[in-house]
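Colleague: Okay, here's the structure, questions in a sec.
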Ligand code: GLY
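Residue numbers (the numbering used here): 1 to 376.
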């Protein structure tokens, strides 16, 4: 019933267990990691309201006690203030070096709690229990942890791999449709960057999966995690191949920054629009076929997702300002922008020499709505 994907990192290897009912079975899965029968859980209010009692029951079924810190929901929680609160709370709970911290929530909680575990007593182990689709397919796997700084998103952090990831497919049923589809932006990204057959599978199965088919959801999470696990095992600290996971993110982060990292544009929505723009740029540079960006957009559109820049409500800055925001991205190396571009669906690569005039042209056309009808 469960799938288990191994993240192969030598002595720091771990499994990503994916299946239904894992919150209720958390105790039996976590017990083998424990030196004493208690865990410290960091979560947020929305997840706590829906699932914290089920987790408490699941742990106590295996004789494991639990203390929980319930933080406010939302991106603002990934802050210095909440990091300090989390670390001080863990110390107040007398969490020892051999104990386990459980991150129970979406990407914000996973990143924050993982970073708190990384620096607490110079590093304690932690378990990721991702509750959003985005966290299940991306942020809970691979060991990137951290917080935002006033200078930018994810600028403070550490690589700290979890000891176990438990992705309960059932909790996805409590996400609202917009949050689910935002996470789906990261699922599509995997097909686009490295697995054309997976993208074709998503074209065929995406609508049923979004409508609630649990077996299809589990398969989509499994295939996404398997791809990420392979990339992380080959390039844990992003010296090369791992940068492919940033497909869509350079455009996406600029759009997120321009819209204030809030409700106007969720992260996965920015990634989806960014993927469409990355394919548009690839086509204009003659790297992929002219019709390929249209196929990418057609799938996003069929899923009812934000697809084009014009789907973002409210005013946006002009192409110059968006280009300046892209240049602030942390993927800039030696002052040069790096773009993840594609030769085809499922065949992405990192490009360093991209004419900014062409990027500017793509942004101008995106802002004017010229791409919407099919693009160049
Ligand atoms: N979310 C991108 C990565 O983990 O590398």
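Beta carbons are placed, not taken as given, at the ideal position from N, Cα and C, and that holds for glycine.
Bear in mind that the values here come from a model prediction, so they are computed numbers and not experimental data.
(1) Of the residues 340, 181, 209, 117, which one's Cα is nearest the Cα of residue 245?
(2) Hey, is residue 76 close to ligand 1, as in C-beta under 7 Å from one of its heavy atoms?
(3) Which same chain residues, not among the five before or five after residue 376, have their C-beta less than 7 Å away from its C-beta?
(4) Could you tell me which residues DSSP pairs with residue 144 in its beta bridges?
(5) Taking the straight line between their C-alpha atoms, what separation do you get for residue 186 and residue 227?
(6) Going along the chain, which unbroken runs of the alpha helix (DSSP H) with 4 or more residues stay wholly within the segment 165 to 252?
(7) What would DSSP say about residue 71, mapped onto helix, strand or coil?
(8) What does DSSP give as the partner residues of residue 129 in its beta bridges?
(9) According to DSSP, is residue 134 helix, strand or coil?
(10) Compute the minimum distance between the beta carbon of residue 242 and the heavy atoms of ligand 1, and state whether it is under 7 Å.
(11) Given that a residue counts as buried once 16 or more other Cβ atoms are within 10 Å of its Cβ, and exposed if not, what is residue 320?
(12) Beta strand (DSSP E) containing residue 3: first to last residue?
(13) In whole angstroms, what separates the C-alpha of residue 183 from that of residue 133?
(14) Three or more C-beta pairs under 8 Å: does that hold for the segment 49 to 57 against the segment 33 to 40?
(15) How about the segment 110 to 117 and the segment 171 to 183: do they share at least three Cβ pairs that are nearer than 8 Å?
(16) Ends of the alpha helix (DSSP H) at residue 93?
(17) Any heavy atom of ligand 1 within a distance shorter than 7 Å of the CB on residue 372?
(18) Should residue 374 go down as buried or exposed, given a rule of 16 or more other Cβ atoms within 10 Å for buried?
(19) Would the C-beta of residue 139 count as close to ligand 1, meaning under 7 Å from any of its heavy atoms?
(20) Would you kindly check if the distance between the Cβ of residue 21 and the Cβ of residue 170 is under 8 Å?
Modeller: So, to answer that:
(1) Taking the chain shown and counting its residues from 1, one reaches residue 245 at position 245. Measuring from the Cα of residue 245, the nearest candidate turns out to be 340.
(2) As a position in the chain shown, residue 76 is number 76, starting the count at 1. It does not: the Cβ of residue 76 is nowhere closer than 7 Å to a heavy atom of ligand 1.
(3) Here residue 376 is taken as the residue at index 376 of the chain shown, counted from 1. Unreliable positioning characterises residue 376 in this predicted model, as indicated by a pLDDT of 38, which lies under 50. The coordinate reading is nonetheless provided below. These residues qualify, in order along the chain: 283, 284, 290.
(4) On the chain shown, residue 144 is found 144 positions in, with the first residue counted as 1. According to DSSP, which records beta bridges pairwise, residue 144 is partnered with 159.
(5) Against the chain shown, residue 186 aligns to sequence position 186. Against the chain shown, residue 227 aligns to sequence position 227. Looking at the two C-alpha atoms, the distance is approximately 12 Å.
(6) The qualifying runs are 177 to 194, 196 to 211, 214 to 234.
(7) Here the question's residue 71 lines up with position 71 in the chain shown. Strand.
(8) Here residue 129 corresponds to residue number 129 of the chain shown, with the count starting at 1. The partner list for residue 129 (beta bridge, DSSP) reads 104.
(9) The residue given as residue 134 occupies position 134 in the chain shown. In the three-state reduction of the DSSP assignment, residue 134 falls in the helix class, which pools H, G and I.
(10) Translated into the one-based positions of the chain shown, residue 242 becomes position 242. True, at least one ligand heavy atom lies under 7 Å from that Cβ.
(11) On the chain shown, position 320 is the one that residue 320 refers to. Label assigned to residue 320: exposed.
(12) Position 3 of the chain shown, counting from 1, holds the residue named residue 3. 3 to 7 is the extent of the beta strand (DSSP E) around residue 3.
(13) As a first step, residue 183 must be located in the chain shown, where it is residue number 183. As a first step, residue 133 must be located in the chain shown, where it is residue number 133. Going by the C-alpha atoms only, they are around 5 Å apart.
(14) no
(15) no
(16) In the chain shown, the residue the question calls residue 93 occupies position 93. Residue 93 -> no alpha helix (DSSP H), and no H or E assigned at all.
(17) The residue given as residue 372 occupies position 372 in the chain shown. No, ligand 1 has no heavy atom inside 7 Å of this Cβ.
(18) As a position in the chain shown, residue 374 is number 374, starting the count at 1. Bear in mind that a pLDDT of 49 at residue 374, under 50, signals an unreliable position, so the number given afterwards is only what the model happens to contain. By the C-beta density criterion, residue 374 is exposed, having fewer than 16 other C-beta atoms within 10 angstroms.
(19) Translated into positions along the chain shown, residue 139 becomes position 139. Yes - ligand 1 has a heavy atom lying nearer than 7 Å to the Cβ of residue 139.
(20) The sequence position of residue 170 within the chain shown is 170, counting from 1. The sequence position of residue 21 within the chain shown is 21, counting from 1. For residue 170 and residue 21, yes; Cβs fall inside 8 Å.
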